[in-house]
Amino acid sequence: MERIILHIDMDYFFAQIEERENPQFKGKSIVVGADPKEGKGRGVVSTASYEARKYGIHSAMPISKAYQLCPKAIFLPVNMELYQKVSEEIMEIVKKYLPRSIPSESEGLLRGSPAFEQVSLDEAYLDLSFLKSYSKTEALATKLKNEILEKEKLTATIGIGPNKLIAKMAAEKAKPNGLLIIKPNQVKSFLEPLDIEDLPGIGPKTGEKLRVIGINPHTKSFGVGVNKIKELKKLSKEKLAEMFGVVGEAIYERARGIDEEPVSSEEIIKSIGKQITFEKDTRDSEIIFGNFEKMIKEVHDELKENNFSFKTITVICRFQGFETHTKSKTLKELTNNFAILKKEAKKLLLRFMIENPKLIRLIGLRVKIC
DNA sequence: ATTGAAGTACACG
DNA sequence: CTAACGCGTGTACTTCAAT
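Below is the structure:
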């Protein structure tokens, strides 16, 4: 029983919204993210318009580097409330493309039944297996793109394939303002020429480790290394499992386009937390504990809103030089008590301050929900 | 032998 | 001074102690 899965991904989402709200920015280099502060900013880029990308600027890049690459770009702060509202409107449009009655999640576990899954503010999957044909799916995708453009004045890219993995990778290849359909018999030729890091789950570290396979440490001669998915497929499941554990086994399957993950809106929150990076590395207890108390309050408020209890408290501390550590404490039993959270969290942070004299860059607090 | 706690590493949007 | 690197969340691994 073959499925047909659609992945929709809004193009350069935050920056595109800013363009829409400020038409005079259209065609200019826009960088949405932290304040660059004349090159001294410590945040990162959230989204860059395609004009800005021509300078090498991209998401997650340190804002200081983005500023170096193009100081004349338009740097805008993140207006999350606005993006959230636009996201809600778009997701409402996307959901309309499912049949009127979606099987309720508990009974809708049937593989291939109509389903919607939002994965971030600007990405979602639809299980459209009920359409039974790729040509009908293509027509639906075109309509969906048009409706979003008409109603929201924003472009999106859609990928379609036999599973979530292929749908997502197709969208990635087709952006911006694209539509790419990969039918089951095209999966192999679609995947093989792609870089290993195009495969979701292979990040910089895993990619690097695969790349240096084949380097003989004795002769120092460089072997071929694994750069393309075609080459990755030559590694046995056992070899990948030895190198990367269970992740390696998943990589083996994915390199072959195999992915059985259901489209499902089931999403259970398992932890909530806050973290803050200081403007300058510091040992000032006023600054450190002032911010920490505020974070404790915020975390507790979020717990209360959702009626959550916690059992494990983790405090994160990043020191000058980016050296990051965590300390955690698991309580005897579940609680939602503010005083306990405050006392235990502060104890953990205090231990950091005692054990390590370095200047502090970041502090964080996270609680595991039960 | 298994489970739980603590800590680290890596990935993703 | 070839480093610059947020935030929120999830999964997996390793080590050690307790059951």
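Last residue of the first sequence: 385 in my numbering, with the numbers rising by one and none dropped. Even for Gly, the Cβ is constructed at its ideal location relative to N, Cα and C. Computed from a predicted model, the values in this text were never measured in an experiment.
In this chain, D316 is not harboured by any beta strand (DSSP E); it is covered by the alpha helix (DSSP H) spanning 300–321. Distances from the CA of K289 to each of F29, V278, I311 were compared; the closest alpha carbon is that of I311. When the five nearest sequence neighbours on each side are left out, the beta carbons in the same chain lying within less than 8 Å of the beta carbon of A186 are those of H22, I23, D24, T172, I173, G174, G193, L195, in order along the chain. Judged by beta-carbon spacing, L377 lies within the 8 Å limit of T292, meaning their Cβ atoms are closer than that value. For S79, there is no enclosing beta strand (DSSP E); the enclosing alpha helix (DSSP H) covers residues 78–84. Residues A130, E132, Y140, D142 of the same chain have their beta carbon placed closer than 6 Å to that of V278, with the five preceding and five following residues left out of the count. DSSP, reduced to helix, strand and coil, places Q335 outside both helices and strands of the structure shown, so it counts as coil. DSSP places S102 within a helical segment (H, G or I) once states are collapsed to three. Spanning the alpha carbons of M16 and G176 requires a straight line of approximately 14 Å. Secondary structure in the segment 339–379: the alpha helix (DSSP H) runs of 4 residues or longer, each lying completely within the stretch, are 353–370 in chain order.
Contact holds between the segment 206–219 and the segment 239–253, because three or more Cβ pairs, one in each stretch, are under 8 Å apart. Look at T172 here: in three-state DSSP terms it is strand. Distance from the Cα of R18 is smallest, within the candidate group F323, S148, P114, for S148. In this structure, C332 is the residue among G54, K220, L255, C332 with its C-alpha nearest to the C-alpha of G379. The C-alpha of L164 lies about 47 Å from the C-alpha of L356. Using a Cβ distance threshold of 8 Å, L214 and R269 count as a contacting pair. In this structure, V382 keeps its C-beta atom at 8 Å or more from the C-beta atom of F304.
Nearest Cα to K224 within the set L255, I197, K198, V202: L255. The beta carbons of L169 and I32 sit about 7 Å from each other, so the pair counts as a contact at 8 Å.
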